[in-house]
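Following our numbering, the numbering of the sequence shown begins with -6 at its first residue and continues without gaps. Each residue gets a CB set at the ideal place from its N, CA and C atoms; glycine is no exception. None of these values were measured; they are calculated from a predicted model.
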Amino acid sequence: MRFTSLVIELIRARPRLLVWIVVLAQAALWLVLPLLLYRSPPGDLATVLAFGREYQVGTDLGPPLAFWLADIAFRAAGNHLFGVYLVAQLCAIATFWTLYHLARTMVGGSQAVLAVLLTMTVAAFGSPGVEFGPLILARPLWALLLLHSWQLLGQNRRSVWFVWSIEAGLLLLTTSAAIGLLLLIAGFAAATARGRRVLMSFDPLYALLVIVVLALPYLIWLIRSDISVMPHWPAFAAFGERALHWGQLLGGLALVMSGAALLVILNSGWLGPNAGEAPIIYRPPVDPLARQFVYFLAVGPALAGSLIAGLFDLDRVVGGAGIALLMSGLAAVVATGDLIYLRRQRLLRSVWAAAIAAPAVAVIATTLVLPWTGGAEVPTSLPASAIAHFFGDSFERRTNQGLRAVTGDPQLATLIAMNPGRPHLLLDASPQRTPWLTPAKFNETGGVVVWRASDTSGTPPAELAQRFPGLVPEVPRAFEWMVNGRQPPLRVGWAIVRPKAP
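1) Just to confirm the assignment, what range does the beta strand (DSSP E) spanning H141 have?
2) Following the continuous alpha helix (DSSP H) through W61, name the residue where it begins and the one where it ends.
3) Using 8 angstroms for Cβ pairs, my map puts A161 next to I204. What's the rounded Cβ distance?
4) Can you tell me whether F232 is buried or exposed, with buried defined as 16 or more other CB within 10 angstroms of its CB?
5) Is the beta carbon of V12 closer than 8 angstroms to that of F499?
6) When DSSP builds the beta bridges, which residues end up paired with G440?
7) Is R284 closer than 8 angstroms to G101 when the C-beta atoms are compared?
8) Might you give, ordered along the chain, the residues of its own chain that have their beta carbon closer than 7 angstroms to the beta carbon of D196, omitting 5 neighbours on each side?
9) In three-state terms, what does DSSP make of V354?
10) Opposite A291 in the DSSP bridges: which residues?
11) Just tell me which of L42, A171, A184 has its CA closest to the CA of E124.
12) Are the CB atoms of P133 and A87 nearer to each other than 8 angstroms?
13) Looking only at DSSP bridge pairs, what is L419 linked to?
14) Using 8 angstroms as the cut-off, can you tell me whether the region 409 to 418 makes contact with the region 370 to 385, which would need three or more C-beta pairs spanning the two stretches below that distance?
15) Assuming G451 and R491 form a contact by the criterion Cβ under 8 angstroms, report the distance between their Cβ atoms to the nearest whole angstrom.
16) I believe V344 touches L255 by the beta-carbon criterion, under 8 angstroms. Please report the beta-carbon distance rounded to the nearest angstrom.
17) Count the other CB atoms within 10 Å of the CB of A268; is the residue buried (16 or more) or exposed (fewer)?
18) Apart from the five residues just before and just after V441, which ones in its own chain have a Cβ nearer than 7 angstroms to its Cβ?
19) Round the Cβ separation of L304 and R235 to the nearest angstrom and send it over; I've been treating them as touching at under 8 angstroms.
20) Could you give the DSSP three-state label for T52: helix, strand or coil?
21) Please specify which runs of the alpha helix (DSSP H), each continuous and at least 4 residues long, are wholly inside the region -4 to 54, giving them in chain order.
22) Taking the alpha-carbon of N496 as reference, which of K493, R445, S261 has the nearest alpha-carbon?
23) On the CB-based measure, 16 or more other CB atoms within 10 Å of its CB, does T360 come out buried or exposed?
24) Along the chain, where does the alpha helix (DSSP H) containing R151 start, and where does it finish?
25) Grouping DSSP H, G and I as helix and E and B as strand, with all else coil, what is A268?
26) From D386, W226, A346, pick the residue whose C-alpha is nearest to that of Q19; which is it?
27) Within this structure, are the beta carbons of V257 and M99 separated by less than 8 angstroms?
28) Give the range of the beta strand (DSSP E) segment to which F472 is assigned.
29) In angstroms, rounded to a whole number, what distance separates the CA positions of F181 and L28?
30) Going by DSSP, which residues form a beta bridge with Y334?
31) Which same chain residues end up closer than 6 angstroms to R460 when comparing Cβ atoms and leaving out the 5 residues on each side of it in sequence?
32) Which one or two residues does DSSP pair with P466 in a beta bridge?
33) From the DSSP output, in three-state form, read off R97 for me.
34) Report back the beta-carbon spacing between L166 and Y211 to the nearest angstrom; my notes put them in contact at under 8 angstroms.
35) What residues match up with R445 in a beta bridge as DSSP calls it?
36) Would you call the region 414 to 431 and the region 35 to 55 in contact, with 3 or more CB pairs under 8 angstroms?
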């Protein structure tokens, strides 16, 4: 009697249920983990909140939608990061659920589950799951745009044009990579006969009008500001170095896909046993246009995003790995064939679970073990609440006014900007990045200046003292890390700029 595991039966009989189980489990993991281990927000999340607090139409960090949403979630949760972490996981859930619906229209429900499972291993390694910002918010919008693009091109559902235009406009308000992504979809449509028939109607004109209306405030801001959307074209002599950087970015994407690639290799027939002994996941024949759609949008964003990033020497693939590789799992399933044999089920389950859990294990090890192995600083172990409370309370006791602004060390200043009073952030080294507050206005309204103190005297850095002449340093304040290990306490130098009398 052939044994079939419960997971296989769920894939065949209840694919939706299995998708909900794995997606919600992963979301719960990345919702609980930062609440337990992070004493300060990861990555640039504190900066996102500081910029979002100002509700600017645009900044040098890009379009405003993700920053606004982060601030709304933060305030709705009572100025607690739980709200932002929750929104990040809701974006992950929406991304995978939309991907499942897209895959189901092409390869059926059972193989759509496999596409989602493969994509989850890619997302676990390739895109931040907690650090909410444009990269996180763009993922569900891109997934929705792909779903409705296929409904327009492959299923000729004209009723989704309006929804498609809303999603395109929101994507333009989320990430600077949106223009390139929309051009990829338009290019695919123009290159296929069915796509050209869709574009020949009046519906695309109405959709374009909706997109322009949604993105118009940000477009006006771009025209009026001095910020360039694209970096400067590199010199000819730098092309060799930029080509090497492009290769490194492609290698990084390949490394991100290593978990999914390992699962495909372990399931291949090259390693035996006989395919007749393995359970089969069947699908109906795939539409040739669907196959082209999947392959093009699995390769196009990754290739174009890495090429642009390499050419202009950017740190990451344009749009992020979560956007570039979103269709990679579905592309692997489409390429496999109408019959997928699931060999070595226990090994596949173990490897998949390990790939999903590996980033979480790395976070735990970094937080709890790294402080004991060396002097490296763990950014998420900074006591953000204690820092924000101390300086906010100190300013209020000294001046009898709430803290209105903070400047100095960017990392410390953004943490203090999360104080319940939500003081304004001033980046004194580059004040053009924070146009809502100038150094002259800071000196008028008053605030706190902070820096990393290297000694007990708390002498401010020379460049900081030059920008704020007459700065009188206070006794440095020491803060304990979440796990002290071999690290000395965090010593913060600070000074108060008193508000001028009206």
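Let me lay it out:
1) For the purposes of this step, residue 141 is identified with residue 148 of the sequence shown, where counting begins at 1. Here H141 belongs to no beta strand (DSSP E); instead the alpha helix (DSSP H) covers 127 to 146.
2) The residue given as residue 61 occupies position 68 in the sequence shown. Taken as a continuous stretch (DSSP letters only), the alpha helix (DSSP H) holding W61 covers 58 to 69.
3) Start at 1 with the first residue of the sequence shown, and residue 161 comes out as number 168. Start at 1 with the first residue of the sequence shown, and residue 204 comes out as number 211. Right, the Cβ-Cβ distance comes to about 5 angstroms (below 8 angstroms), so this counts as a contact.
4) Stepping through the sequence shown from its first residue, residue 232 is reached at position 239. Result: exposed.
5) Lying outside -6 to 495, the shown extent of the chain, residue 499 is not represented and no answer is given.
6) Locating residue 440 in the sequence shown gives position 447, counting from the first residue. According to DSSP, which records beta bridges pairwise, G440 is partnered with V490.
7) Within the sequence shown, residue 101 is the residue found at index 108, counting from 1. Within the sequence shown, residue 284 is the residue found at index 291, counting from 1. Their beta carbons are not under 8 angstroms apart, which means G101 does not touch R284 by this criterion.
8) Position 203 of the sequence shown, counted from the start, is the residue given in the question as residue 196. Cβ within range, chain order: R151, W154.
9) Counting from 1 along the sequence shown, the entry for residue 354 is found at position 361. Looking at V354 - three-state DSSP - the assignment turns out to be helix.
10) Position 298 of the sequence shown holds residue 291. Beta-bridge partners of A291 (DSSP): none assigned.
11) For the purposes of this step, residue 124 is taken as residue 131 along the sequence shown, with counting starting at 1. Closest option to E124, Cα to Cα, is L42.
12) Within the sequence shown, numbered from 1, the residue matching residue 133 stands at position 140. Within the sequence shown, numbered from 1, the residue matching residue 87 stands at position 94. Contact: yes.
13) Within the sequence shown, residue 419 is the residue found at index 426, counting from 1. Answer is T400.
14) A contact exists between the region 409 to 418 and the region 370 to 385.
15) The sequence position of residue 451 within the sequence shown is 458, counting from 1. The sequence position of residue 491 within the sequence shown is 498, counting from 1. With a Cβ gap of about 18 angstroms, G451 and R491 do not count as contacting.
16) In the sequence shown, residue 344 corresponds to position 351, counting from 1. In the sequence shown, residue 255 corresponds to position 262, counting from 1. A Cβ-Cβ separation of about 6 angstroms places V344 in contact with L255 under the 8 angstroms criterion.
17) The residue labelled residue 268 in the question sits at position 275 within the sequence shown. With a pLDDT of 49 at A268, under the threshold of 50, the predicted position of this residue should be treated as unreliable, and no value is reported.
18) Stepping through the sequence shown from its first residue, residue 441 is reached at position 448. Answer for V441: F384, F388, L396, V399, I409, W487, I489, listed in chain order.
19) Stepping through the sequence shown from its first residue, residue 304 is reached at position 311. Stepping through the sequence shown from its first residue, residue 235 is reached at position 242. In this structure L304 is in contact with R235, their Cβ atoms being roughly 6 angstroms apart against a cut-off of 8 angstroms.
20) What you label residue 52 is simply residue 59 of the sequence shown in a count that begins at 1. Residue state for T52 is assigned as strand, using DSSP reduced to three classes.
21) Inside the region -4 to 54, DSSP marks whole alpha helix (DSSP H) runs of 4 or more residues at positions -1 to 6, 8 to 30, 38 to 45, from first to last along the chain.
22) Residue coverage of the chain in this structure runs from -6 to 495, which leaves residue 496 outside it and unanswerable.
23) Locating residue 360 in the sequence shown gives position 367, where the first residue counts as 1. It is buried - the Cβ of T360 has at least 16 other Cβ atoms within 10 Å.
24) On the sequence shown, residue 151 is found 158 positions in, with the first residue counted as 1. Per DSSP, R151 belongs to no alpha helix (DSSP H) and is neither H nor E.
25) The sequence position of residue 268 within the sequence shown is 275, counting from 1. For A268, the pLDDT reaches just 49, beneath the cut-off of 50, and the residue's location in the model is therefore unreliable, leaving the point undetermined.
26) Counting from 1 along the sequence shown, the entry for residue 19 is found at position 26. Here the closest residue by C-alpha is A346.
27) Locating residue 257 in the sequence shown gives position 264, counting from the first residue. Locating residue 99 in the sequence shown gives position 106, counting from the first residue. Against a cut-off of 8 angstroms, the Cβ pair of M99 and V257 comes out as no contact.
28) For the purposes of this step, residue 472 is identified with residue 479 of the sequence shown, where counting begins at 1. That run of the beta strand (DSSP E) goes 470 to 472.
29) Position 188 of the sequence shown, counting from 1, holds the residue named residue 181. Position 35 of the sequence shown, counting from 1, holds the residue named residue 28. For F181 and L28, the distance between alpha carbons rounds to 43 angstroms.
30) Counting from one through the sequence shown, the residue named residue 334 turns up at place 341. In DSSP, Y334 forms a bridge with I273.
31) As a first step, residue 460 is located in the sequence shown; it is residue number 467 there, counting from the start. Excluding sequence neighbours, R460 sits near D421.
32) By 1-based counting over the sequence shown, the position of residue 466 is 473. Beta bridge pairing from DSSP links P466 with A488.
33) Residue 97 sits at position 104 when you count from the first residue of the sequence shown. Residue state, collapsed to three classes: helix.
34) Locating residue 166 in the sequence shown gives position 173, counting from the first residue. Locating residue 211 in the sequence shown gives position 218, counting from the first residue. Rounded, the Cβ-Cβ distance is 6 angstroms, consistent with contact.
35) Position 452 of the sequence shown holds residue 445. Paired residue(s): V485.
36) Short answer: they touch.
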